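Numbering follows the UniProt record's numbering, in which position 52 of the sequence shown is assigned residue number 52; successive positions increment by one, without gaps.
Note that beta-carbon positions come from the ideal geometry of N, C-alpha and C, so glycine has one too.
Predicted, not measured: the structure shown is a model, and the values here were computed from it.
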Amino acid sequence: MDIQWQALIGGMMIGVASIVFFISMRKIAGISGMVKRLITSSKSSIGDWWPLLFLIGLMLGTLIYSYFFNVEPALRQGYPKELLVASGLLVGLGTYIGNGCTSGHGVCGIGRLSKRSIVATVTFMATAVITVAVMGVLS
1 MDIQWQALIG GMMIGVASIV FFISMRKIAG ISGMVKRLIT SSKSSIGDWW PLLFLIGLML
61 GTLIYSYFFN VEPALRQGYP KELLVASGLL VGLGTYIGNG CTSGHGVCGI GRLSKRSIVA
121 TVTFMATAVI TVAVMGVLS
């Protein structure tokens with residue numbers, strides 16, 4: 001299957017999964033929020049474990065996809081592990097400060113017509129365009 005079709009189908013699956021999750025659980029499928037809930041909740045009832053199950057499902061989905069499309073999942077090649085860990089922590093800090101990640105705001109927030117998410121997504125996109133333009137001039 002062509003890579004563009006895989007991306008289109010994957011994007012549609014994310015959108016449909018977000019809708020189904022919201023309708024069935026009455027919760028937003030924001031990954032950073034789920035990680036925060038896992039870290040901060042007391043996990044005293046079975047209802048507190050749903051974020052972990054969701055995240056495990058994401059990882060299993062990656063393995064299933066890699067099996068069917070013969071893709072080897074790998075870490076970012078050519079970068080020191082320390083840099084990858086530091087980058088991940090900084091992204092986590094940014095999602096905490098921004099009350100969500102780019103995907104969460106873009107998929108779930110805009111889907112709910114959240115003004116904050118619309119502003120955040122426009123800001124992310126504008127910053128990306130400016131970054132690409134500046135990097136193109138510098139290279």
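Cβ pair glycine 111, serine 24 closer than 8 Å: It is not a contact, given that the beta carbons lie outside the stated cut-off.
Simplified DSSP assignment, three categories, for glutamate 72: The answer is coil: DSSP assigns glutamate 72 none of H, G, I, E or B.
Residue burial classification, proline 51 (beta-carbon count within 10 angstroms, cutoff 16): Per the 10 Å Cβ criterion, buried.
Same chain, Cβ closer than 8 Å to threonine 121, five either side skipped, listed in chain order: Once the five neighbours on either side are set aside, the close Cβ partners of threonine 121 are Thr102, His105, Gly106, Gly109 and Ile110.
Euclidean distance between Cα positions of methionine 135 and threonine 123: Straight-line measurement puts the Cα of threonine 123 at about 18 Å from the Cα of methionine 135.
Threonine 131 to isoleucine 64 span [Cα, whole Å]: So the two alpha carbons sit approximately 34 Å from each other.
Contacts around serine 32, its chain only, beta-carbon distance under 8 Å, and the 5 residues preceding and following it disregarded: Hits under 8 Å: Gly92, Thr95, Tyr96, Gly100, Cys101 and Gly104.
Identity of the residue in Gly98, Ile14, Ala86 and Ser139 nearest glycine 57 by Cα: For the residues Gly98, Ile14, Ala86 and Ser139, the minimum Cα distance to glycine 57 belongs to Ile14.
Beta-carbon spacing of leucine 60, methionine 34 below 8 Å: Taking 8 Å as the Cβ cut-off, leucine 60 and methionine 34 do not qualify as a contacting pair.
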